[in-house]
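Reading through the structure tokens given below for one structure.
Numbering (this note's numbering), first residue to last: 430 to 572.
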């Protein structure tokens, strides 16, 4: 039980570390594209004399990314270390199905390698994916 919580906390911490990277992706969007940010709610709980108090805290929501930005973001994520689809799902903030479709597409296009020797599968970047990531990273952001 605690092991799973620790894994989830580690994934969230990694996502927070990469948050600076996600703001760079938003900055590289072309002008005229508006990103709507909506606050999401998380719950803070405090225990006082046996009574649990719950309070909603507003938290910023990650901006919606198009397919190209999500692909670039995933390639950047798995450049450093292989990741499971669950790790990628939590970092992207997308559904399990969406993440699965995205990773399947990247696998079929040859940008990532799927390690099927263990479950859950881990994904790592290929030379082709590194080349695509290099092209994306070196592309000028000004029109």
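The beta carbon of each residue, even a glycine, is placed where N, CA and C say it ideally should be.
Extent of the continuous beta strand (DSSP E) to which residue i belongs
i	result
residue 551	551-554
residue 543	541-544
Residue environment, residue i, which counts as buried when at least 16 other CB atoms sit within 10 Å
i	result
residue 438	exposed
residue 538	exposed
residue 561	buried
residue 432	exposed
residue 435	exposed
residue 556	exposed
Extent of the continuous alpha helix (DSSP H) run through residue i
i	result
residue 523	Residue 523 -> no alpha helix (DSSP H), and no H or E assigned at all.
Selection from the options that minimises the alpha carbon distance to residue i
i	options	result
residue 547	431, 512 and 436	512
residue 515	498, 502 and 549	549
residue 544	507, 522, 526 and 527	507
residue 441	510, 517 and 509	517
residue 553	436, 430 and 505	505
residue 503	525, 524, 526 and 541	541
residue 500	551, 444, 531 and 519	531
residue 498	521, 509 and 510	521
Contact test: residue i Cβ vs the ligand COA heavy atom, cutoff 7 Å
i	result
residue 519	This structure lacks the ligand COA, and indeed carries no ligand of any kind.
Bridge partners - residue i, DSSP secondary structure assignment
i	result
residue 513	551
DSSP-derived helix/strand/coil call for residue i
i	result
residue 431	helix
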